[in-house]
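Those protein sequences? They're chains A and B, same order as listed. Just so we're aligned, residue 1 is where the first sequence starts under the numbering used here, counting upward by one. Just so we're aligned, residue 1001 is where the second sequence starts under the numbering used here, counting upward by one. A virtual CB, placed ideally from N, CA and C, is assigned to each residue, including glycine. Okay, structure first, notes after.
There are 2 protein chains.
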Amino acid sequence: MISPKEERDPNQLRRACTRFLGGHYRQPLRQILSALAETAEPDEWGDMYGSGDVIANFEQEIAQTLGKEAAVFMPSGTMCQQIALRILTEQRQIPRVAFHPTCHLDTHEEMGYQRLHHLEGVRVGSPYQLMTMSNLQALREPLGALLLELPQREIGGQLPAWEDLTAISDWAREQKIATHLDGARLWECQPFYGRDYAEIAALFDTVYVSFYKVLGGIAGAILAGPADVIAQARVWQRRHGGNLVQLFPYVLSARQGFAERLGRMESYHAKAQAIAAVLTAFPQVELVPDPPQTNMMHLYLRGDAKKLAEAMLDVAEETGTWLLNFLAPAELPAYVKTELTIGDASLDIPTEEVASLFTLLFKQAGMD
Amino acid sequence: MISPKEERDPNQLRRACTRFLGGHYRQPLRQILSALAETAEPDEWGDMYGSGDVIANFEQEIAQTLGKEAAVFMPSGTMCQQIALRILTEQRQIPRVAFHPTCHLDTHEEMGYQRLHHLEGVRVGSPYQLMTMSNLQALREPLGALLLELPQREIGGQLPAWEDLTAISDWAREQKIATHLDGARLWECQPFYGRDYAEIAALFDTVYVSFYKVLGGIAGAILAGPADVIAQARVWQRRHGGNLVQLFPYVLSARQGFAERLGRMESYHAKAQAIAAVLTAFPQVELVPDPPQTNMMHLYLRGDAKKLAEAMLDVAEETGTWLLNFLAPAELPAYVKTELTIGDASLDIPTEEVASLFTLLFKQAGMD
């Protein structure tokens, strides 16, 4: 049953859905918090300005996973990364950072790295491809730091081959350029590289990881690296206003996500491959990358964004299934772009049903 | 029964206490979170990078309470205040801020206002007294902003008379100096001034308030002010790494503390007065201020810090009562300094018993 278009509220329709092609299941706050309460041991007490067992033990667990001396929990990756780059470039007295043109610092942080830290950015390579060694070798200015993002989110979670990655890391070290890893989605690289997280992290001086994406935490991030850098990062964390009196809701949810979901990366990745094989068979769909290298892919749908949005609501009403989280303009006007990340909820959608869901979507959008 | 000193763990002893002279009752994380879950309506869903009903409605409630056009919820006061001062001083193109010598920005934030925002600080007046009009009139440099803290925490929560406060605000406006209120403990001023919060806040361009102090939230702060300033503050919040994907645990606990505890300020204040009257009768005790003007006071105890610390543990073991949260050096070496803030737990200690508790404390410390 499909309601008149003008009466439909996308948020309500979404909440009424019981199945979701992307990500994890969402819950009302009451459920999230009461489930979170259960994860705390009866004798666990709060942190205090970054000290206390709950936060210290989790920092140590992540430092160990990443093979780094030390780690600090912060409210956000924005804070972790600006701070890491400030410290690394001050060590080298060159306030200049090279990164991919779609780097989070340069695209989603209101240029905080410039306005708060007076760092200069150098965009390397094409926004539509991975950064290459020859892109880097073409640079002509001294660099304080090089930031790499694994996987490269804005191009569908692409990953360089291991040899390309180690070659870039070696090159940077020869040049005495510090290396920082934007590992917002590092957990999702494991099936592709088939290596320990510590082995990947060893290519970088500092590593930022996130807990609210594939791990499903409420928010929160960790910066890991040498002990002296992390000690200094705590000073900058206070300057940023991120040394909160209590961070435990984020720490507990990060800890829970890490314990529960880290072991699911292989199955998320396998499901992404399976769904991609179904989607790529549609002439209306282009995938980037195809096949996916992580549990993420970008979908380019040849059609009209407004019609697709309405058709998504039709599918939601008819099948109780929410397909796509956003529809954005693509470089080619004939296409609409979206991102699909495989999570817990995706695993519950039979792969063979994905074909019929998209057939219905394209029919409702007049794209069949 | 008092255990051998070397076997005592202050943290364990504190947790074993059932009564606390200062502040609110503390709970393990499991209890805090399950109680917090109950405060959420069954159909309340999370925020997303600062948007969503739960956060927007609370921001509006606080804006209204403070009589300001707009408000933004941030993780910390450190973030609120640096951002407010950056915006206000940029408007006036004078990156210089005057504040009391004990100002939080200048004493507890690793000089973030200098290192992140390149603001210059001007310390006004004595660290041991409230800032006066003549202190301000003696300044000889142009100022972009003036920050006042109400109450002045580091001198025991002192408050200027209403006429002195309005005179300073009028002076600043005449001089075209922006005014910002550090209202970390603004809620606690109400009994002293007997005026609406909006009337106090009207003396300032921007106001920061906190939710984890007397209101007992987990963490979190709000900056309120003109709509254009708050809109700009949201941009800076993102730069600081404070525009978190989800802030709901802090928002819900702030909302709960605001609803439950705002009406208790009069009783906290009355209890502070009553306890102060008992304490000031001891020759070993000096109070600042005497009598207290809010629910807070500073205690100067004439004695030895180590002996007092052990005596506190004796009292905790004998009576199950935790007396003081810290013991710090004072200007005069013969004294030890501490802070007493009246909260829910304090209300449950009969005032007449305070005398016997301190008599025991001083006896155990050899200060009787």
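Look at the stretch 109-133 of chain A: the residues with a C-beta under 8 angstroms from a C-beta of chain B are 109, 110, 111, 112, 115, 116 and 117. Within the stretch 141-216 of chain A, the complete beta strand (DSSP E) segments at least 3 residues long are 145-149, 178-183 and 206-210, listed from N- to C-terminus.
Counting the other Cβ atoms within 10 Å of the Cβ of residue 1134 (chain B) gives fewer than 16, which makes it exposed. Distance from residue 1340 (chain B) to residue 1308 (chain B) at the Cβ level is roughly 14 angstroms; contact not present, criterion being Cβ atoms closer than 8 angstroms. Looking at the backbone, the Cα of residue 234 (chain A) and that of residue 243 (chain A) are separated by about 8 angstroms.
In the DSSP annotation of this structure, the continuous segment of the alpha helix (DSSP H) that includes residue 58 (chain A) starts and ends at 53-65. With respect to chain A, the C-beta atom of residue 1240 (chain B) has a partner C-beta closer than 7 angstroms. Residue 222 (chain A) is bridged by DSSP to A:73 and A:209. Bounds of the beta strand (DSSP E) holding residue 1301 (chain B) are 1296-1302. Neighbourhood of residue 33 (chain A) in chain B, by CB distance below 8 angstroms: 1033, 1034, 1036, 1037, 1040, 1249 and 1252, in chain order. Under DSSP, the beta-bridge partners assigned to residue 340 (chain A) are A:297. Residue 59 (chain A) and residue 241 (chain A) have their C-alpha atoms roughly 19 angstroms apart. Judged by DSSP in its simplified three-state form, residue 1123 (chain B) adopts strand. With a 10 Å radius around the Cβ and a threshold of 16 neighbouring Cβ atoms, residue 295 (chain A) comes out buried.
The stretch 77-92 of chain A and the stretch 198-213 of chain A touch, with three or more beta-carbon pairs separated by less than 8 angstroms. Segment contact: the stretch 1110-1125 of chain B against the stretch 1085-1102 of chain B, three or more CB-CB distances shorter than 8 angstroms; contact assigned.
A direct Cα-Cα distance of roughly 44 angstroms separates residue 1195 (chain B) from residue 26 (chain A). The C-beta distance from residue 1150 (chain B) to residue 1186 (chain B) rounds to 6 angstroms, short enough to fall under 8 angstroms. Taken in chain order, the members of the stretch 1005-1029 of chain B whose beta-carbon sits within less than 8 angstroms of a beta-carbon on chain A are 1015, 1026, 1028 and 1029. Each residue's CA atom was taken as its position, placing residue 1103 (chain B) and residue 1013 (chain B) some 33 angstroms apart. Taking a C-beta distance under 7 angstroms as the contact criterion, residue 146 (chain A) and residue 107 (chain A) do not qualify as a contact pair.
Within 10 angstroms of the beta-carbon of residue 43 (chain A) lie fewer than 16 other beta-carbons, which makes it exposed. Every alpha helix (DSSP H) of 4 residues or more that sits fully in the stretch 75-106 of chain A is shown, in chain order, as 77-92.
Using beta-carbon distances, residue 1044 (chain B) counts as an interface residue toward chain A, with a partner under 7 angstroms.
Within chain B, the C-beta atoms nearer than 8 angstroms to that of residue 212 (chain A) come from 1245 and 1246, in chain order. For residue 76 (chain A), at least one C-beta of chain B is nearer than 7 angstroms to its own C-beta.
Contact of residue 222 (chain A) with chain B is not assigned, every C-beta pair being separated by 7 angstroms or more. Under the Cβ distance rule, residue 1072 (chain B) does not count among the residues neighbouring chain A, no pair being separated by less than 7 angstroms. Note that the C-beta distance between residue 248 (chain A) and residue 1136 (chain B) is not below 7 angstroms.
The residue from B:1273, B:1090, B:1015 and B:1109 with its alpha-carbon nearest to that of residue 236 (chain A) is B:1109. Leaving aside the five residues that flank residue 217 (chain A) on each side, the residues in its chain whose CB is nearer than 6 angstroms to its CB run, in chain order, 211, 253, 254 and 257.
As computed with DSSP, residue 335 (chain A) is found in a beta bridge with A:302. As computed with DSSP, residue 354 (chain A) is found in no beta bridge at all. Identification of chain B residues near residue 79 (chain A) by a Cβ-Cβ cut-off of 9 angstroms yields 1240, 1241 and 1242, ordered along the chain. Those residues of the stretch 79-93 of chain A placed with their C-beta closer than 8 angstroms to a C-beta in chain B are 79, 80 and 82, ordered along the chain. The Cβ neighbour count for residue 306 (chain A), taken over all protein chains shown within 10 Å, is under 16; the residue is labelled exposed.
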